[in-house]
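Residue numbers (this note's numbering), protein chains in the order written: chain D, 2 to 125; chain V, 2 to 125.
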């Protein structure tokens, strides 16, 4: 009943610190603050184009991609850039400029924490 | 590299059929159709009040709750009802009327599928 497990989600908006956030959804009602943090990430994935782009970065060779690598999702490069920035603001991607291009990478701890948030208890 | 695993997500909008949907995000770029289905569910959880309500239902005794059980999230009963309906439309909750009240229950296969969508490869 009380195998409470505190997950960690990277703080949104690109902060480097790691903040504890959010038990599995099946454990107890989230606090308003927890829901604020977690809903921001779900919202970022709540757009079909953004979700496709996120999967494109997540599945790209080496685990990172620049706008130059993503050309097959049916939207223009400026639109791709816009969505990647939104994903970064939500804490789902990190970025690094190298030469002409900004390379985006999935923040694995956030993805893992979101996954665990959705985990059902083993014996439910 | 190709331990492809097809997940199943209940079709949204309360359909009873189960439709295959969506590999882990890290596996390949989602198709437009897959992204459409999955983003609808993420979007439904992308609102802080809705996410709290979802966690209230998911964590309630017996795995189900009616509006009458949920009074501590700081919004009115009509607002609670509105959000629960949205969650149902997104395929995240199922409902059953019993007497005066409609009881909502988390659709476990959807929650599990969303969780797996976010799963990172073991050796990444």
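Just so you know, even glycine gets a beta-carbon here, dropped at the ideal spot from N, CA and C.
In the three-state reduction of the DSSP assignment, residue 106 of chain D falls in the strand class.
In this structure the region 64-83 of chain D touches the region 99-114 of chain D; the number of beta carbon pairs closer than 8 Å is three or more. Residue 27 of chain V and residue 39 of chain D have their C-alpha atoms some 20 Å from each other. Annotation for residue 56 of chain V: the continuous alpha helix (DSSP H) segment containing it runs 49-60.
For the pair residue 23 of chain V and residue 35 of chain V, the CB atoms are nearer than the 7 Å cut-off.
At a C-beta separation below 8 Å, residue 90 of chain V has no neighbours in chain D, since its nearest C-beta there lies roughly 14 Å away. The beta carbon of residue 76 of chain D sits closer than 7 Å to the beta carbons of 50 from its chain, once the five residues preceding and following it are set aside; these are given in chain order.
With fewer than 16 neighbouring CB atoms inside 10 Å of its own CB, residue 73 of chain V falls in the exposed class. Taken through DSSP and simplified to helix, strand or coil, residue 65 of chain V comes out as strand.
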